[in-house]
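Enquirer:
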Ligand SMILES: Cc1cc2nc3c(=O)[nH]c(=O)nc-3n(C[C@H](O)[C@H](O)[C@H](O)COP(=O)(O)OP(=O)(O)OC[C@H]3O[C@@H](n4cnc5c(N)ncnc54)[C@H](O)[C@@H]3O)c2cc1C
Ligand code: FES
Ligand code: FES
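Residue numbers (my numbering), protein chains in the order written: chain A, 14 to 190; chain B, 4 to 283.
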């Protein structure tokens, strides 16, 4: 058995393709781990109640609300955040911070179609939507519009009115990737 | 957040370590209720016992006459199980109506029972599937009909440290469905929900169980209307009468989510829709 007392947990996992070893307090959420310990600020803190999906990441290819998952839970697992979505990305610099220039050159078709369709306004919800859509299209590359809508119920957007987001995901599924 | 989290590998380890842990302790499963309440500073546990690594709790198995679902099985995993699809149609139908896709990747049936909300979709469907809940306390097991497990909103017969191992449902040939009505189609807490299982022989209902959520302090069985339906054919007349009977059987309350009269009315309508769906 493992006993995690505060400050004592040594976590090992793969984040955006990179092996990570860190000592963290055992009582932090995955969202706190990603934002405060790995300095990856793409996943957002919204409601902290599982309602908004702004904190969404992939754990072993499944979309989860990182605000409701404890960091210790992902020990030995593979995590993908929005920073790991671009294709062939120089994902992170040595210091763990996102490399914005490198990323924009390698945007994933989903990210491109979000931009092209005007599916981003303030952008707070966007990482969560792209993670949700990525999980869906990986499992079901031919998802129908109604399947896309169902799958995006995990996420809230207060700006766009959803239509453009749904269009963007529908368009991205037709890209060859 | 608690200052200590322990992660036992198996049941034996739980019972060994428990006496040494802080007195205010809770089991942590998918976290969708527990971590949400800790984030809101509503949980004062000193310790969480993370049970997600215990493989005995992650299984779906069958014996000659029963299906077992472990307390740690994720809601999304129910949809991938052939046993659930074949033997537990009401539970299978509840999956898509449960929270959101990402929460279904996290939430478990054990947590749904542990939370004991009167709106719980998983436990409502399990009650209509005639589930028993299996509990373990320092190595000793007991079984309780799931419907008797709940004693009030967020209250159960669980003793301190008692662990939910899983659920056992009888195998019987039946069809079933779970319908709920909330403020929007998806991802909503229900104003009322109906789970129904029926066995039809030559067009006649020979066995029926109906569980209701969000219309009483706990999940309740609609026994009067089930009794009425047994021996009847599923005609439009029967369906109409059944939806009237169920309204006399429940006494819902008015709260922030809905009004008593509306709940009573839609419970009748949900039953009507459910029976119509099953008759086709
Ligand atoms: C935004 C949101 C929407 C939701 N929508 C729905 C919905 O539509 N329908 C619905 O039914 N629920 C819904 N829920 C509630 C929640 O997701 C479910 O109750 C879920 O099944 C809880 O499971 P969990 O594994 O996450 O439990 P946890 O949060 O880990 O635990 C919940 C409680 O059960 C106890 N517990 C867990 N496992 C055991 C065990 N094996 N033995 C003893 N005690 C145990 C814990 O100590 C805790 O008290 C929603 C929650 C959120 C945040
Ligand atoms: S911050 Fe996690 S769902 Fe809103
Ligand atoms: S773009 Fe602002 S919340 Fe979605």
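Even for Gly, the Cβ is constructed at its ideal location relative to N, Cα and C. In this text, all values refer to a predicted model and were calculated from it rather than measured experimentally.
Starting from residue 73(B) and walking both ways along the beta strand (DSSP E), at which residues does that stretch end?
Expert: 69-73 is the span of the beta strand (DSSP E), which, as asked, contains residue 73(B).
Enquirer: Could you tell me whether the Cβ of residue 21(B) comes closer than 8 Å to any Cβ of chain A?
Expert: Residue 21(B) does not count as touching chain A.
Enquirer: I need the straight-line Cα distance from residue 260(B) to residue 124(B), nearest angstrom please.
Expert: When rounded, the distance between both Cα atoms is 16 Å.
Enquirer: Rounded to whole angstroms, what is the Cα-Cα separation between residue 47(A) and residue 9(B)?
Expert: Taking the straight line from one Cα to the other gives about 22 Å.
Enquirer: For residue 22(B), I'd like the list of residues in its chain whose CB is within less than 6 Å of its CB, leaving aside the five on either flank, ordered along the chain.
Expert: Correct list: empty, nothing qualifies.
Enquirer: Thinking C-alpha only, which one of 13(B), 102(B) and 115(B) is nearest residue 37(B)?
Expert: Selected option, being the one with the closest Cα: 115(B).
Enquirer: If you draw a straight line from the C-alpha of residue 169(B) to the C-alpha of residue 149(B), how long is it?
Expert: Residue 169(B) and residue 149(B): Cα-Cα distance of roughly 10 Å.
Enquirer: Could you check whether the Cβ of residue 160(A) sits closer than 8 Å to any Cβ belonging to chain B?
Expert: No, because no Cβ of chain B sits closer than 8 Å to the Cβ of residue 160(A).
Enquirer: Please list, following the chain, all residues that have a C-beta closer than 7 Å to any non-hydrogen atom of ligand 3.
Expert: For ligand 3, the selected residues are 133(A), 134(A), 135(A), 136(A), 137(A), 138(A), 139(A), 170(A), 171(A), 172(A) and 173(A).
Enquirer: How many angstroms separate the CA atom of residue 35(B) from the CA atom of residue 205(B)?
Expert: The straight-line gap from Cα to Cα measures roughly 44 Å.
Enquirer: Less than 7 Å between the CB of residue 61(A) and some heavy atom of ligand 2, yes or no?
Expert: It does: the Cβ of residue 61(A) is within 7 Å (strictly closer) of some heavy atom of ligand 2.
Enquirer: Residue 75(A) versus chain B: which residues are under 7 Å apart at the beta carbon?
Expert: Those within 7 Å of residue 75(A) in chain B are 108.
Enquirer: Comparing the C-beta of residue 109(A) with each C-beta of chain B, is any distance below 8 Å?
Expert: Below a pLDDT of 50, predicted positions are generally treated as unreliable, and residue 109(A), at 46, falls in that range; no measurement from the model is reported.
Enquirer: Quick check: the segment 168-179 of chain A against the segment 129-139 of chain A, are at least 3 beta-carbon pairs closer than 8 Å?
Expert: With a cut-off of 8 Å, the segment 168-179 of chain A and the segment 129-139 of chain A count as touching, because enough Cβ pairs lie within range.
Enquirer: Going by DSSP, name the residue or residues bridged to residue 232(A).
Expert: No information on residue 232(A) is available, as it lies outside the stretch 14 to 190 that chain A covers here.
Enquirer: What residue range is occupied by the uninterrupted beta strand (DSSP E) comprising residue 93(A)?
Expert: Looking at the DSSP string, the run of the beta strand (DSSP E) that includes residue 93(A) is 91-93.
Enquirer: With a CB to CB cut of under 7 Å and the five nearest residues on each side skipped, what residues in its chain are close to residue 48(B)?
Expert: Contacts found: 5, 27, 28 and 29.
Enquirer: What residues in its chain sit with their C-beta under 6 Å from that of residue 211(B), if we drop five residues either side in the sequence?
Expert: So the list reads 201, 229, 232 and 233, once near-sequence residues are dropped.
Enquirer: Mind checking which residues open and close the beta strand (DSSP E) that includes residue 145(B)?
Expert: 143-148 is the extent of the beta strand (DSSP E) around residue 145(B).
Enquirer: Could you work out which residues of chain B lie near residue 126(A), taking near to mean beta carbons separated by less than 7 Å?
Expert: None at all; the shortest Cβ gap to chain B is about 20 Å.
Enquirer: Identify, in the order they occur along the chain, each residue of the same chain with its Cβ nearer than 8 Å to the Cβ of residue 103(B), setting aside the five sequence neighbours on each side.
Expert: Excluding residues within five positions, the ones whose Cβ falls inside 8 Å are 189 and 190.
Enquirer: If we cut at 8 Å on Cβ distances, does residue 85(A) have a partner in chain B?
Expert: Residue 85(A) counts as touching chain B.
Enquirer: Could you work out which residue in 182(A), 70(A) and 33(A) is closest to residue 132(A) when comparing CA atoms only?
Expert: Considering only alpha carbons, the answer is 182(A).
Enquirer: Check whether the Cβ of residue 123(B) sits closer than 7 Å to any heavy atom of ligand 1, and report yes or no.
Expert: Result yes, Cβ under 7 Å from ligand 1.
Enquirer: Taking a contact to mean a Cβ-Cβ separation below 8 Å, would you say residue 286(B) touches residue 91(B) in this structure?
Expert: Residue 286(B) lies beyond the stretch modelled for chain B, which goes from 4 to 283, so this question has no answer here.
Enquirer: Measuring only between beta-carbons, confirm whether residue 118(B) sits less than 8 Å from chain A.
Expert: With 8 Å as the cut-off, residue 118(B) does not count as an interface residue toward chain A.
Enquirer: Rounded to the nearest angstrom, what separates residue 61(A) and residue 54(A) at their Cα positions?
Expert: If I take the Cα positions, the gap works out to 16 Å.
Enquirer: Going by DSSP, what residues sit across from residue 28(B) in a beta bridge?
Expert: In the DSSP output, where bridge partners are listed per residue, residue 28(B) has 50(B).
Enquirer: Mapping DSSP to helix, strand and coil, what is residue 103(A)?
Expert: Low confidence applies here, because residue 103(A) scores a pLDDT of 49, under 50, leaving its location unreliable; read the following figure in that light. Residue 103(A) falls in the coil class under three-state DSSP.
Enquirer: Name the chain A residues whose beta carbon is nearer than 8 Å to that of residue 42(B)?
Expert: Ordered by position in chain A, the residues that pass the 8 Å Cβ test against residue 42(B) are 42, 61, 62, 80 and 81.
Enquirer: Which residues does DSSP pair with residue 200(B) in a beta bridge?
Expert: Per DSSP, 179(B) and 212(B).
Enquirer: Whole angstroms are fine: how far does the CA of residue 265(B) sit from the CA of residue 253(B)?
Expert: If you take the alpha carbons of residue 253(B) and residue 265(B), they lie about 12 Å apart.
Enquirer: Under 8 Å, Cβ to Cβ, is there at least one residue of chain B near residue 157(A)?
Expert: So, not an interface residue.
Enquirer: Can a CB atom of chain A be found closer than 8 Å to the CB of residue 39(B)?
Expert: So, interface residue.
Enquirer: Could you please give the first and the last residue of the uninterrupted alpha helix (DSSP H) stretch that includes residue 234(B)?
Expert: Taken as a continuous stretch (DSSP letters only), residue 234(B) belongs to no alpha helix (DSSP H), as it is neither H nor E.
Enquirer: Can you tell me whether residue 89(A) is buried or exposed? The criterion is at least 16 other CB atoms within 10 Å of its CB, across all chains shown.
Expert: Its Cβ having fewer than 16 others within 10 Å, residue 89(A) is exposed.
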